[in-house]
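What follows is one structure encoded as C-alpha cells, with my remarks underneath.
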Amino acid sequence: MTSTSSAPRLTRRMVLKATAAAGGGLILSLSFPQLKAARAAESGADFAPNAFVRINPDGMVTFTIPQVEMGQGIYTALSMILAEELDAPFEHVKAVAAPPNDKLYGNPLLGFQVTGGSTSVRAFWKPMRIAGATARAMLVQAAATKWSVDPASCRTENGEVLHDVSAQKAPYGDIVQAAAALTPPQDPPLKPSSDFKVIGKSLKRLDTPDKVNGKAIYGIDARPAGVKIATLASCPVFGGKVAHVNDEQAKTMPGVRQVIVLDDLVAVVGDHMWAAKKGLNALDITWDEGPNASVSTADILNGLMSASEKAGAVAKSTGDAAKAQGGETKLEASYHVPFLAHAPMEPMNCTVHVRPDACEIWVGNQVITRAQGIAAKVTGLPLENVTVHNHLIGGGFGRRLEVDYIAKAVRIAQKVDGPVKVIWTREEDIQQALYRPFYFDRFQASLSGGKLAAWSHKIAGSSVLARWAPPAFKNGLDADAVDGAIDFPYETPNLHVEYVHAEPPAVPTCFWRSVGPGHNIFVIESFVDELAHAAGQDPVAFRRAHLEKEPRLLACLNLAAEKAGWGGALPARVGRGVACQSVFGSYVAAIVEAEVDDEGEIAIRLVTAAVDCGTAVNPDSVEAQIQGGLVFGLTAALYNEITIAKGRVQQSNFNNYRMMRINETPAIDVHLLRNGESPGGIGEPGTSIAGPALANALFAATGVRLRSLPVDRKQLAPRKAA
Amino acid sequence: MEAAVSSTIKVNGVDRTVEVESDTPLLWVLRDVLGMTGTKFGCGIAQCGACTVQIDGEPVRSCLLPVGSIGDRTITTIEGIGAMEAGRKIQKAWLDLEVVQCGYCQSGQIMSASALLARTPEPTDSDIDAAMAGNICRCGTYVRIRAGIKQAARSA
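Right under this line is the structure:
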C-alpha cells in the first residue's frame, strides 16, 4: 500500500448501468473500466445482483458499501456523499456491507476490494458523487416526463422532485420504476461545493448507536448454531514446527472436545473459550524450532546497518546528490525504528464452517476477496462455494489487511465437524503477528546561507509490497517504503532518496497504520529539526523558510504555531516540538508540548494539530481520526517495540506491550483549514505526525536528540555530576 | 480438576443457571454460554478493561472473575446498563459527542464510566483518570471519553 498522495484520477470514465429491481425500484451499478477485472463485469451477467445503489419504492436508499467499517466512519462518510448528490435525506440511506467481489467493489485507487492506506474517501469521492448525480438526473427526467415539463425546470430536495411552477412534487419512491427504464445520462452535473447541504456537516455516525449498547456484532461475536470455540498455539519461534504433543491430560478436561495438531500449530476445541484455553495450557508440546532459533533484534539491526552501506534503488534524484557532502555546514545522522505489533482491541479471530462442498466464514477483515480466496485455496473448493460474512472490525490498523488468521482457522475447521470459532489469546496476537518493518535510515545534508543546499536519504528495510502486492514492487523499489520521503516538502536544489531492500530473517512484516510515512515522517522531521538547530534557527522559522512553494502546508504550520503559542516562555525541561507532513493527500502540522522529569519520564501537556484535508466530508469524524491517530502514534513513540530473542517475540500482552491510557493523554486541539479541494486521506496522518513532533519536543526540553524509537528514557534523564 | 457444576447468577436482574466449572471466568460464561456478546475479550489478564462488568455496581474485570465466586451479587453488563440512570446518561453522552470509533473497547469504557458517575456525580479530571486508567482504547478516543463523562455529569 502506498498513501497515493495525489487525488484519484479515473483514467477512463466510470461505467454506470441502471436496472429495474424486482418489486420495483432503481438499481445503479458502477464499475471502473481502469480495473482490468471490471471489464468482465461490464458484460452484465453478474451485474444486477450486487448493485451499489438501490432506490426502493418506499424511497429508502440501500447502498452496498465496498469499504469496511473499522471505526473510521466510512459507512457514514460515503453515505453522506451519495445523499448529497442524490438530494436524498441522509436518514433514508442504509449502508449494507458488500460481499467479496473485486470486479464490482474494487477500490479504484488500489485495484481490488481493500480498505486501507487512508484511501476510502479519496477513492470513492468521485464515483459516489457521480452515482448520486446520475440517479438524481434520472429521477428528474422521470418526473418531468410524467408531468410533461422541461426537466431543467424541475429541482430536487429532500428525496423529492419538485416542479415549482405547476406546484407538483413526486417523492423519489413514486418514480423509481419509471426512472429505472431510462438510460443513465453521460456527465450529469455535480453540485458546486457552495451548494453542499450534507457534505461538510458533522453528522452522527450510522454505526455508533449499536456500539454503546452491546448490540454491535464484530467477527468475534459471530455465533452460528452449534459453534465450538478453539484457541491455538503456533510455534513460538518463527518458522518452527510441532515436533511432539502429549495431550493425555487435556483430553480428559471438562469442556474439551478435540485436540488438533497441524504441522506448525496446535489447537484445542472446547465448549467455550475457557475450556479451550485450559486444555491448551495442559498440553505438553515439544517444538522443532527450525532455522530461526537464534535470531535476535541485534542481528537484525546489524544486518540493516550493513545493508544500508550498499547502493540501493534510486527512488528520486534531483540536482546533485554529492552536494550533500559539501556546503558550509554538513550533517550526517542515522536513525532506526523498531518492529511494531498492531494489537487491535479485538484479538485475531475467525469462525469457519467447512462442509464437503462449501465453506462459510465469519470474520472482520480489510481484504475480503483475499479472505475468500485463501479459504478456497486451503479447502480446494471453488471460490463461489466460499461465503464470507464480513463483520464490523474491532480495530484494523493494517493487521486485518492480512489473511493468515483466516488460513489458520480454516485449516483447524477442516478437522472439526461443525462450525468452530478460532480465537487467538492476546499473547498469540502479539507474538504470532506480522509486524511494521524495522527500518534503518541514513541521512546526509548540507546547509548554505541557512538554507538546505542538499538532502540525501537512504532507507533500508523490509518491503511489504514485495509480498503483499508483488507487481507494485519494481526494480528493487518499494513505493510504500519511500512514501513521504520522495515527496519531501522542503525546498532544496539537490534531493536524493534511495531504498535498499533488506528482509530481516524470520520476522514477517506488514502494513501498520500510517504505512510508509509512519517511519519516514519520523526520521525526516527529526533530521530537519537537527538541521534547523545546526543552522541556529527556530524550528518553525526554518521550516517556514523552506515551504514557500507549499502554501497549503505552510498555512497548516502557521496555524499550528499560532494556536500552540509557539515561542511562548516555558518552564525548565518543558519543550515544544513541531513536525509537518504532506502525505495521504492531506497536509498536517503538529506541535507537541512535553515535560521531562529527572528520571526521564515524560508528560505530554498539549498536542495542537492543524489539518488541511481539502473537503472534510464529516468534519467531526476528521477531528476524531486525527485525535485517535495522534494517540496511536504517540503510543508507539512512547512505548512500543517488538524485540526478538532466540527467534521469539519477547512481548506478550498489554503489561509489556504498553498502550497509552487516559491519564497519560493530553488535551488534543485539532484545527481544520476549510477549503473546497478534493478530500485527502485522514485515517493515518495523525499517526505519522505524532512521533517526530514528540521527539522534537523532547529535544527542546532536554537537548537530547533521539534517533530511534521508542523513546529511551535513560537518555533523557539529566546526567548526574561525577 | 474441577467438575462442571451448576451455578446460578443474576445478570441484569435475571437469574441464569449455567453448567460450567466454577473457575470459569464470568467473561466466557456471558459470551460463550449465555450468548451475551456485548462484553468483550481483550487481554485475559485484567490489563485492558474490555471485559468490564459491574458487580453490585463496582467495575470488575470479568476475564479473571471465577463464576463460582460471584454468589448472589448482582451482575450488570452493557446489555443492561442503559436501565440505570448513570448508564443511560453515559450512553447518551457517548452518542452526543461521537466518542466511539471501532467501538470494541466501549462496552468496558461505558461500564467503568457509569460506575464512576453513579458513585461520583461530579467527577474531577483526577477522578476520571483514576476510574478510567484501566480501560485501554486502541483507537485513542480518550479525549472524548473524558468529555463524555463530564457531559453526562452535567446532564439531567
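Chain order of the listed sequences is P and Z. Take the numbering used here: the last position of the first sequence gets the number 722, and nothing is skipped along the way. Take the numbering used here: the last position of the second sequence gets the number 1156, and nothing is skipped along the way. Note that beta-carbon positions come from the ideal geometry of N, C-alpha and C, so glycine has one too.
Output yes or no for whether 8 Å exceeds the beta carbon distance between Z:V1143 and P:I668. yes
Would you report the Cα separation of P:K451 and P:A541, rounded to the nearest angstrom? 11 Å
What span of residues does the alpha helix (DSSP H) with P:A180 cover, start to end? Boundaries of the alpha helix (DSSP H) harbouring P:A180: 172 to 180, taken from the DSSP string.
Within 8 Å of any Cβ in chain Z, is that where the Cβ of P:I682 sits? For P:I682, no Cβ of chain Z is located within less than 8 Å of the residue's own Cβ.
Can you give me the start and stop residues for the alpha helix (DSSP H) that Z:T1008 sits inside? Looking at the DSSP string, Z:T1008 is not in any alpha helix (DSSP H); the run it does join, the beta strand (DSSP E), is 1004 to 1011.
Is P:D284 close to chain Z? Criterion is C-beta to C-beta, closer than 8 Å. No - not a single Cβ of chain Z is within 8 Å of the one on P:D284.
Please tell me whether P:W424 and P:N349 are closer than 8 Å, where the distance is taken between their beta carbons. In this structure, P:W424 lies near P:N349, with their beta-carbon atoms less than 8 Å apart.
Count the CB pairs spanning the stretch 645 to 665 of chain P and the stretch 290 to 299 of chain P that are closer than 8 Å, and state whether there are at least three. yes
Is there a Cβ from chain P that is less than 8 Å from the Cβ of Z:I1078? yes
Beta-bridge partners of P:I423, as assigned by DSSP: P:N349
Measuring CB to CB, does P:L801 end up less than 8 Å from P:D207? This structure gives no information on residue 801 of chain P, because the portion of chain P shown stretches from 1 to 722.
Which full runs of the alpha helix (DSSP H) of 4+ residues lie inside the stretch 577 to 631 of chain P, going along the chain? none
What are the residues of the stretch 1086 to 1112 of chain Z that lie near chain P, defined by any Cβ-Cβ distance shorter than 7 Å? Q1091, W1094, L1095, E1098, V1100, Q1101, C1102, G1103, Y1104, C1105, Q1106, S1107, I1110
Can you grab the Cα-Cα spacing for the pair P:P504 / P:F438, in whole Å? 8 Å
Would you kindly work out how many angstroms separate the C-alpha atoms of P:L553 and P:A123, rounded to a whole number? 22 Å
With 8 Å set as the bound, which would you pick, yes or no: does the beta-carbon of Z:T1132 sit closer than that to a beta-carbon of chain P? Inspection of the sequence shows that residue 1132 of chain Z is occupied by Met rather than by Thr. Yes, Z:M1132 lies at the interface with chain P (some Cβ there is under 8 Å from its Cβ).
Does any CB atom of chain P fall closer than 8 Å to the CB of Z:M1084? Not one chain P Cβ lies under 8 Å of Z:M1084.
Go to P:K408, then tell me how far its alpha helix (DSSP H) extends in each direction, as first and last residue. 404 to 413
Taking CB distances under 8 Å as the criterion, tell me whether Z:C1139 reaches chain P. yes
Opening and closing residue of the alpha helix (DSSP H) in which P:G461 lies: Not the alpha helix (DSSP H): P:G461 falls in the beta strand (DSSP E), residues 451 to 461.
Straight-line Cα distance separating P:T351 from P:E364: A quick correction: the sequence has Gly, not Glu, at residue 364 of chain P. If you take the alpha carbons of P:G364 and P:T351, they lie about 10 Å apart.
Pull up the distance between the alpha-carbon of P:S5 and that of P:H457, whole angstroms please. Because the pLDDT of P:S5 is 43, which lies under 50, any placement of that residue in the model is unreliable, and the number read from its coordinates should be weighed accordingly. Distance between the alpha carbons of P:S5 and P:H457: 19 Å.
Give the range of the beta strand (DSSP E) segment to which P:I55 is assigned. 53 to 55
Residue ranges of each beta strand (DSSP E) within the stretch 1031 to 1075 of chain Z, 3 or longer: 1052 to 1055, 1058 to 1061
Across which residues does DSSP place P:T665 in a beta bridge pair? Answer is none; P:T665 lacks a bridge partner.
Return no unless some Cβ of chain P is closer than 8 Å to the Cβ of Z:M1001. In this prediction, Z:M1001 scores a pLDDT of 48, lower than 50, which makes its location untrustworthy; no coordinate-derived value is stated.
So if DSSP puts P:K330 in a beta bridge, which residue, or which two residues, is it bridged to? P:S446
Would you please state the rounded distance, in angstroms, between the beta carbons of P:G132 and P:E85? I believe it to be under 8 Å. Contact between P:G132 and P:E85 holds, since their C-beta atoms are separated by about 3 Å, short of 8 Å.
P:A37 CB to nearest chain Z CB: under 8 Å? With a pLDDT of only 39 at P:A37, under 50, the local geometry of the prediction cannot be trusted, and no value is derived from it.
Contacting positions in the stretch 1039 to 1053 of chain Z - beta carbon closer than 9 Å to chain P: T1039, K1040, F1041, G1042, C1043, G1044, I1045, Q1047, C1048, A1050
Test: P:T351 CB closer than 8 Å to a CB of chain Z: No, because no Cβ of chain Z sits closer than 8 Å to the Cβ of P:T351.
Residue range of the unbroken alpha helix (DSSP H) whose run includes P:G686: Per DSSP, P:G686 is one residue of the alpha helix (DSSP H) stretching across 685 to 702.
8 Å Cβ cutoff, Z:T1074 in contact with chain P: no
Proximal residues to P:A695 (C-beta, below 6 Å), its chain only, five neighbours per side dropped: S526, L706
Are P:A343 and Z:R1138 touching if we call contact CB-CB under 8 Å? yes
Let me know the secondary structure DSSP gives P:C556 once reduced to three states. helix
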